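Just so you know, we're using my numbering here: the sequence shown kicks off at 24 and counts up by one.
Positions of the beta carbon are idealized from the N, C-alpha and C atoms, including for glycine.
For clarity, every value in this text was computed on a predicted model and none was experimentally measured.
What follows is a short report on a single structure.
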Amino acid sequence: MLTKTAYLSFTQCAQAFWLAAYRPHLAAPPDPAMQRRLRAGQDVDVRARERFPDGRTIPYRPHPEEMAPLTAAAIAAGATTIFQATFHTADLLVKVDILTRTKTGWHLIEVKSSTGYKADEYLPDVAFQWYVLAQTGLNITQASLMHLNNDCRYPDLSNLFALADVTADVQAILPQAAADVAAMRQVVAQTAVPDVSIGRHCLKPQPCPFYAHCWQSVDGLTIYDVPHLKPALEQQLAAAGIRYIRDIPPDFALADKRAAAFVQQLTRQEMTIDCDAIRRELDTLVYPLYFFDFETIDPAIPTFTGCKPYQHTPFQYSCHILDADGNLSHREYLHTGADDPRRPLLHSLLEHIGETGSIIVYYAPFEKGRLAELADAFPEHAPRLSGMVDRLWDQLNIFRKHYRHYRFGGSNSLKSVLPVLAPALSYQRLDVQNGEQAQVVWEQMVGEADTAVKEQLAAQLRAYCHLDTLAMVEIHRTLVNL
Ligand code: SF4
């Protein structure tokens with residue numbers, strides 16, 4: 024059966040679609056972060072259904088074809104709203120999130136857990152459903168996307184969703200859906216895997232589950248890593264059999280200046296370090312220096328007062344403090360309960376960060392946003408918090424403007440810069456290695472009943488956040504010693 028999942032896979036890559044049908048074991052299982060996103064999507068679906076009190080859910084069956092007669096029975100019995108309504112033809116099958124009866128037919132509603140309407144990604148999804156329903160003889164009169172509403176604030180979830188009517192847009196691409204289905208049938212009938220090259224499509228619009236399989240032999244930065252490279256030039260290089268940046272001929276015109284500079288730096292193994300400019304930036308620092316980093320949780324459905332969907336709520340921070348004499352100390356906070364972490368975290372923060380001194384962060388807009396949100400939530404502390412915002416000093420700016428190194432691989436992230444400037448420090452030995460994992464572990468920890476396990480998870484979180492700020496300290500020392 025060609026399902027909606029198969030269709031979306033096909034529109035991203037014919038090879039991924041074929042592999043899912045014939046070599047599913049080659050797909051990587053969803054990692055914990057992906058599993059968390061899937062759970063969030065399910066939670067959003069449940070909330071969306073609550074908006075339709077007259078709704079009837081078609082019971083789950085392991086073989087989804089068996090849900091089709093149950094759907095037909097619900098329609099025949101006069102159901103006005105159906106969840107997971109299932110329809111199939113000889114080889115196509117869809118389950119519709121929400122189907123509501125209109126005066127002349129049916130309204131198809133696709134629930135999305137995002138806060139916006141991504142036309143490129145969502146319209147083909149709805150078009151496929153409309154196409155299959157039409158093939159079964161169902162009269163669709165309207166199609167909508169139901170997505171999370173950025174204006175919603177907990178605890179008032181009455182406006183958690185926004186509805187976007189996409190009827191006209193979907194009708195306009197129905198011929199494309201029909202053509203895609205015909206092409207899918209051809210591909211699925213093939214006995215050999217379609218010949219599709221790796222490319223930027225491997226990560227967009229979704230990371231492909233066969234990424235590790237297809238990219239296993241890749242051993243360097245590819246032409247798909249070059250920023251601002253025009254698609255036509257990329258295709259020209261690929262057609263010439265050039266996969267790696269190192270193999271791009273020196274006389275190949277890359278057109279875009281940023282693309283050319285990127286390639287030149289990597290191929291010539293260039294470093295550009297403007298010591299004078301770095302010194303001038305460092306001279307603006309005021310001691311003591313607070314090397315600071317938040318970890319946050321961003322639930323799709325807000326759970327803390329005043330928060331909107333996906334609002335980053337800080338649950339942890341690490342702060343290394345370097346005084347003018349070179350003495351280094353460490354302060355931290357980790358919220359270990361499932362309740363709102365902001366008030367106790369804020370009290371700790373106000374205690375740990377003094378009234379003077381620069382607050383060094385890596386990518387200041389993030390910390391600035393969280394401090395501003397804390398100021399909104401606790402206006403009595405707004406003056407102190409806005410003072411902290413004014414004292415933020417972004418270490419990332421050094422690597423954006425004054426320090427470039429081919430070994431950064433075109434990235435300025437802390438994890439790219441650290442191995443070059445402070446190779447003794449590494450995230451690789453840590454259980455938690457990035458912010459998304461930290462969210463997963465924090466949610467596990469606050470729900471964990473076993474004290475020993477809970478403490479172990481807390482230790483993993485502390486180790487990760489501690490390294491984030493220690494990394495900034497070591498990078499700072501390296502910059503000072505240039
Ligand atoms: S990794 Fe890329 S080339 Fe391979 S199946 Fe996925 S999208 Fe296609």
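### Task
Keeping to the same chain, check which residues put their C-beta closer than 7 Å to that of Asp174; ignore five residues upstream and five downstream.
Cβ neighbours of Asp174 beyond the five flanking positions: Asn182.
### Task
Count the other CB atoms, across all protein chains shown, that sit within 10 Å of the CB of Gly264; report buried if there are 16 or more and exposed otherwise.
Around the C-beta of Gly264, fewer than 16 other C-beta atoms lie within 10 Å, and the residue is accordingly described as exposed.
### Task
Give me the Cβ distance between Ile268 and Thr290, rounded to the nearest whole Å; I'm assuming they're in contact under 8 Å.
Rounded, the Cβ-Cβ distance is 7 Å, consistent with contact.
### Query
With a CB to CB cut of under 8 Å and the five nearest residues on each side skipped, what residues in its chain are close to Pro85?
Cβ neighbours of Pro85 beyond the five flanking positions: none.
### Query
Between the region 44-63 and the region 457-472, are three or more C-beta pairs nearer than 8 Å?
The region 44-63 makes contact with the region 457-472: 3 or more CB pairs, one atom from each, lie closer than 8 Å.
### Task
Could you check which residue in Ile498, Glu466, Ala284, Leu156 has the C-alpha nearest to that of Val443?
Closest option to Val443, judged by alpha-carbon separation, among Ile498, Glu466, Ala284, Leu156: Ile498.
### Task
Would you check if there are 3 or more beta carbon pairs closer than 8 Å linking the region 188-205 to the region 217-235?
Too few Cβ pairs lie closer than 8 Å, so no.
### Message
Quick check: the Cα distance between Tyr30 and Tyr177, rounded to an integer number of angstroms?
### Response
The C-alpha of Tyr30 lies about 36 Å from the C-alpha of Tyr177.
### Task
For the beta strand (DSSP E) holding Phe327, just list the boundary residues, first then last.
Unbroken run through Phe327: none, as it is neither H nor E.
### Message
Quick check: the Cα distance between Leu379 and Leu502, rounded to an integer number of angstroms?
### Response
A quick correction: the sequence has Thr, not Leu, at residue 379. For Thr379 and Leu502, the gap between their C-alpha atoms comes out near 22 Å.
#### Entry: Val219: CB within 7 Å of a non-hydrogen atom of the ligand SF4
Checking every heavy atom of the ligand SF4 against the Cβ of Val219, one is found closer than 7 Å.
### Query
Leu31: beta carbon under 7 Å from a heavy atom of the ligand SF4?
Between the ligand SF4 and the CB of Leu31, the shortest heavy atom gap is not smaller than 7 Å.
### Query
Expressed to the nearest angstrom, what Euclidean distance is found between the alpha-carbon atoms of Val193 and Arg485?
Rounded to whole angstroms, Val193 to Arg485 spans 48 Å at the Cα level.
### Message
Looking at the ligand SF4, does it come within less than 7 Å of Pro48, judged from the CB to the closest heavy atom?
### Response
Position check: residue 48 holds His in this sequence, whereas Pro was assumed. False, no ligand heavy atom lies under 7 Å from that Cβ.
### Task
Have a look at the DSSP bridge pairing and note the partners of His353.
For His353, DSSP records a beta bridge to His343.
### Neighbourhood of Pro76 by C-beta, 8 Å cutoff - its chain only, sequence neighbours within 5 removed
Excluding five sequence positions before and after Pro76, none of the CB atoms of its chain fall closer than 8 Å to its own CB.
### Gly433 versus Val455: straight-line alpha-carbon distance, rounded
Cα to Cα, the separation comes out at about 24 Å.
### Query
When the Cα of Arg514 is compared with those of Ile246, Tyr386, Met468, Leu171, which residue comes out closest?
Limits of the chain in this structure are 24 at one end and 505 at the other, which puts residue 514 out of reach.
### Task
Count the other CB atoms, across all protein chains shown, that sit within 10 Å of the CB of Thr319; report buried if there are 16 or more and exposed otherwise.
Buried, since its Cβ has 16 or more Cβ neighbours within 10 Å.
### Message
What I want to know is whether the C-beta of Ala206 ends up closer than 7 Å to one or more non-hydrogen atoms of the ligand SF4.
### Response
Not under cutoff, so the answer is no.
### Message
Can you tell me which residues form a DSSP beta bridge with Met294?
### Response
According to DSSP, Met294 bridges with His428.
### Message
Using the Cβ count rule (16 or more neighbours within 10 Å means buried), how would you classify Leu61?
### Response
Counting Cβ neighbours within 10 Å, Leu61 comes out exposed, since fewer than 16 surround it.
### Task
Assign His358 to buried or exposed, taking buried as 16 or more other Cβ atoms, counted over all protein chains shown, within 10 Å of its Cβ.
By the 10 Å Cβ count, His358 comes out buried.
### Closer than 7 Å: Tyr234 CB and nearest the ligand SF4 heavy atom
In this structure, Tyr234 has its CB closer than 7 Å to one or more heavy atoms of the ligand SF4.
### Query
Starting from Ser32 and walking both ways along the alpha helix (DSSP H), at which residues does that stretch end?
Membership of Ser32 in the alpha helix (DSSP H) is indicated by the continuous run 27-35.
### Message
Taking 8 Å as the limit between beta carbons, can you name the residues of its chain near Arg72, skipping five residues before and five after?
### Response
Within the same chain, Arg72 has close Cβ partners Gly78, Thr80, Phe106, Ile121.
### Query
Nearest to Gly360 by alpha carbon, out of Leu493, Leu368, Leu93?
In this structure, Leu368 is the residue among Leu493, Leu368, Leu93 with its C-alpha nearest to the C-alpha of Gly360.
### Query
If you run the structure through DSSP and keep just helix, strand and coil, what is Lys141?
Under the three-state reduction of DSSP output, Lys141 falls in the coil class, being neither helix nor strand.
### Query
Where does Leu171 fall in DSSP's three states?
Assigned with DSSP and collapsed to three states, Leu171 falls in strand.
### Task
Go ahead and label Cys237 buried or exposed: buried means 16 or more other beta carbons lie within 10 angstroms of its beta carbon, across all protein chains shown.
So Cys237 counts as buried.
### Message
Which residue wins for smallest C-alpha separation from Glu257, given the options Ala282, Val241, Gln239?
### Response
The alpha carbon of Glu257 has as its nearest neighbour, out of Ala282, Val241, Gln239, the alpha carbon of Ala282.
### Query
By Cβ distance, which residues of its chain are closer than 8 Å to Pro147, with the 5 residues on each side in sequence left out?
Contacts found: Tyr30, Leu31, Thr34, Ile196, Gln199, Ala200, Asp203.
### Task
Taking only heavy atoms of the ligand SF4 into account, decide whether any of them is closer than 7 Å to the Cβ of Gln38.
Gln38 Cβ: within cutoff of the ligand SF4.
### Message
With a threshold of 7 Å (Cβ to nearest heavy atom), would Gln258 be considered close to the ligand SF4?
### Response
Every heavy atom of the ligand SF4 is 7 Å or more from the Cβ of Gln258, so no.
### Query
If you measure from the CB of Cys237, is any heavy atom of the ligand SF4 nearer than 7 Å?
Yes, the beta carbon of Cys237 sits closer than 7 Å to at least one heavy atom of the ligand SF4.
### Task
Pull up the CB-CB distance for His251 and Asp279, whole angstroms please, since I reckon it's below 8 Å.
The pair is a contact, with the Cβ atoms about 4 Å apart (cut-off 8 Å).
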